[in-house]
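Protein sequences appear in the order of chains S and R. Position 180 of the first sequence, counted from 1, bears residue number 179 in numbering that gives the first Met the number 0, the numbering being contiguous throughout. Position 4 of the second sequence, counted from 1, bears residue number 3 in numbering that gives the first Met the number 0, the numbering being contiguous throughout.
Protein chains: 2
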Amino acid sequence: MASPPTPLRAPEHQVAGHQAAEGQLGPLVDGAGLFFKPLQGDGRGDDEVSFYTLVSSLPSSSSFFPSFHGTRLLPASDGSGPHPHLALEDLVAEFSNPAIVDIKIGSRTWYPQASEDYIRKCFEKDQRTTSASLGFRISGIQIRDGSGAWKPDRGEIRRFSPRDVRIALRRFVSSDPRSDPDRALAAAVYGGADGVLAKLGELKRWFEEQTLFHFNSVSVLVVYERDEGATLGKGKVKVKLVDFAHVVEGKGVIDHNFLGGLCSLIRFISDVLTGLDENCI
Amino acid sequence: MASPPTPLRAPEHQVAGHQAAEGQLGPLVDGAGLFFKPLQGDGRGDDEVSFYTLVSSLPSSSSFFPSFHGTRLLPASDGSGPHPHLALEDLVAEFSNPAIVDIKIGSRTWYPQASEDYIRKCFEKDQRTTSASLGFRISGIQIRDGSGAWKPDRGEIRRFSPRDVRIALRRFVSSDPRSDPDRALAAAVYGGADGVLAKLGELKRWFEEQTLFHFNSVSVLVVYERDEGATLGKGKVKVKLVDFAHVVEGKGVIDHNFLGGLCSLIRFISDVLTGLDENCI
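Given below as structure tokens:
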């Protein structure tokens, strides 16, 4: 007997990107492990489908990406009728209280083939945010706790200084995300053989080799389960790349823009783990 | 008895930067191991002195830089009278037939504090050259041989495409630099425990750690002695960083722009060594 179709809804834990809330066109989840992302027009959707098709066939790198389940024609979240969606792994489906940070990598977020106007806008935003100075910027962050939550809005996040980024990466692994960061979960989440740093290290080694793709404006999404009493819950720490609408061919050249930014992020997270960041705050 | 003062002259083997030839203000050498670089006005000269003073006191990194011997007041090469000069190691003094390539690292060559006009000019040049696409560009190259020489002029080098850069890095280690590159010296110059790749690997490890400086518009200079019959001559392969007029404080952040470009250069040189570059040419 076929199981009844699960109703689609806007994801509860989305921290960045287009939102399906308030009748906008945005992603949907089925609550059973799939995340549906509406395909964008202007060729970007097709590019993302081609990218997922290719990358999910590469064993060397498939662990860095949400698993791909083809495309589906689904009712759009804005009520405009059937719309093609990417069917992807819902990265937070198995978490009951996920702490999430979305970090856009690269000091440059535009791609060389873009229009002059698009490049200028991205260039200015990269300068205004920490992209240019740090090689990455936080695009979204969410931590919920028995005692409260921390989910700064987009405007606040866009104004993050390098110092704010350091503090956010501490708060992300602290007992009470709203007050003095104590780094109580730093060793469990950032350290260890399955922790964030180990996974970013694997990603770095792949980026030192791969010359197939340049990942413009792509984010690293970090998720972990936060149990009561601010401990790391069951289920491993997840580190995945997301948002591939601006991936272009690498043409035999490594993605030096992504790799440089990734190395900078690795250093920032190492600094939180070792407490070295206190010298910089 | 004091040795007679050695006459100063324009360096014979300079491949990039300001030239002392034709009555311009440019660097001088004494033929006995010192290279004198006229201090630039507008604060850049002072910055370079401070940088050399600090960096030559750091044991972790001093091998990456020309040794520093203070400043000297010397007659300027343009005949304008006494002018302060940096006294540096003459990197080619011990070579009789040096092959030299000057590679400016970074997809971005401007520094954030620069004027809008300066940033725009650098941005456009980075796009026109291979800086933006490869994360580095060749600024000068010279190979002399019994049978001839290859020293393309600045205009030709500025027009180098990514493919031209691959070919230049092959020709740099080939028997006859003017014709089909055979990579005859690749293993000796690029490979081995004292070769270019080993030295760039050390440099990379330093850049993954150091957060003191951001090396804007800095070059990696590679020099080796070319004996008759296109073999590697006595004296080790040299790999040094040069030109620090636009170095700025790192403020606790790694130099992701330099590191990304350096990783791309390492990949290009590895490709020449393994012959993988033939797939890309």
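Beta carbons are placed, not taken as given, at the ideal position from N, Cα and C, and that holds for glycine. Since we're looking at a predicted model, the values are computed, not measured.
Q) Helix, strand or coil for residue 281/S per DSSP? A) Nothing about residue 281/S can be read from this structure; chain S reaches only from 0 to 280.
Q.
So if I threshold CB-CB distances at 8 Å, which residues from the segment 128-139 of chain R count as touching chain S?
A. 131, 132, 133, 134
Q.
Taking the beta strand (DSSP E) that residue 223/S belongs to, which residues open and close that run?
A. 218-226
Q) Excluding the five sequence neighbours on either side, which residues of its own chain have a C-beta within less than 6 Å of the C-beta of residue 44/R, listed in chain order? A) 38
Q. Count the other CB atoms within 10 Å of the CB of residue 115/S; is the residue buried (16 or more) or exposed (fewer)?
A. exposed
Q: Enumerate in chain order the residues of its own chain whose CB-to-CB distance from residue 24/S is below 8 Å, with the five nearest sequence positions on each side excluded.
A: 17, 37, 75, 76, 77, 79, 82
(Q) I believe residue 236/S touches residue 141/S by the beta-carbon criterion, under 8 Å. Please report the beta-carbon distance rounded to the nearest angstrom. (A) Between residue 141/S and residue 236/S the Cβ distance is about 15 Å, and since that is not below 8 Å, they are no contact.
(Q) Give me the subset of the segment 252-270 of chain R whose CB atoms are less than 7 Å from a CB atom of chain S, sorted by chain position. (A) 252, 253, 255, 256, 258, 259, 260, 262, 263, 266
(Q) Just to make sure I have the definition right: I need the residues of chain R whose C-beta is within less than 9 Å of the C-beta of residue 106/S. Which are they? (A) 106, 107, 255, 256, 259
Q) Whose C-alpha, out of 137/S, 49/S, 46/S, is nearest the C-alpha of residue 264/S? A) 137/S
Q. Do three or more CB pairs link the segment 208-227 of chain S to the segment 217-225 of chain R at distances below 8 Å?
A. no
Q) Out of curiosity, what's the CA-to-CA distance linking residue 202/R and residue 63/R? A) 7 Å
**Q.** Members of the segment 193-209 of chain S that neighbour chain R once the beta carbon cut-off is set at 7 Å
**A.** 207
Q.
Looking at the secondary structure, which residues open and close the alpha helix (DSSP H) in which residue 130/S lies?
A. 130-133
**Q.** Beta-carbon spacing of residue 10/S, residue 28/S below 8 Å
**A.** yes
Q: Pick helix, strand or coil for residue 25/R, following the three-state DSSP scheme.
A: coil
Q.
Using DSSP's beta-bridge definition, name the partner residues of residue 33/R.
A. 88/R
Q | Uninterrupted beta strand (DSSP E) stretches inside the segment 188-268 of chain S (no shorter than 3 residues) | A | 212-214, 218-226, 237-241, 246-248
Q | beta strand (DSSP E) segment containing residue 100/S, residue limits | A | 97-104
Q: Would you be able to state if there are at least three C-beta pairs under 8 Å between the segment 85-98 of chain R and the segment 151-168 of chain R?
A: no
(Q) Taking its Cβ as the centre, do 16 or more other Cβ atoms sit within 10 Å of residue 148/S, making it buried, or is it exposed? (A) exposed
(Q) Measuring straight from C-alpha to C-alpha, what distance separates residue 300/R and residue 90/S? (A) Nothing about residue 300/R can be reported from this structure: the residues present for chain R run from 0 to 280 only.
(Q) Beta-carbon within less than 7 Å of residue 273/S's beta-carbon, same chain only, minus the 5 sequence neighbours each way: which residues are those? (A) none
Q. So the alpha helix (DSSP H) residue 159/S belongs to, where does it begin and stop?
A. No alpha helix (DSSP H) contains residue 159/S, which DSSP labels as neither H nor E.
Q) Between the segment 137-167 of chain R and chain S, which residues of the former have CB atoms less than 9 Å from a CB of the latter, in chain order? A) 161, 165
Q. Can you name, in chain order, every residue of its own chain whose Cβ lies under 6 Å from the Cβ of residue 33/R, other than the five neighbours on each side?
A. 86, 89
Q. Opposite residue 154/R in the DSSP bridges: which residues?
A. In the DSSP output, where bridge partners are listed per residue, residue 154/R has none listed.
Q) Are the beta-carbon atoms belonging to residue 260/R and residue 135/R less than 8 Å from one another? A) yes
Q. Do you know offhand how far residue 216/R's Cα is from residue 254/R's?
A. 12 Å
Q: Would you mind stating whether residue 241/R and residue 171/R have Cβ atoms separated by less than 8 Å?
A: no
**Q.** Distance between beta carbons of residue 102/S and residue 109/S, contact taken as under 8 Å
**A.** Residue 109/S to residue 102/S, Cβ: 18 Å. No contact.
Q. In chain order, what residues of the same chain have a beta carbon less than 7 Å from the beta carbon of residue 131/R, not counting five sequence neighbours either side?
A. 106, 125
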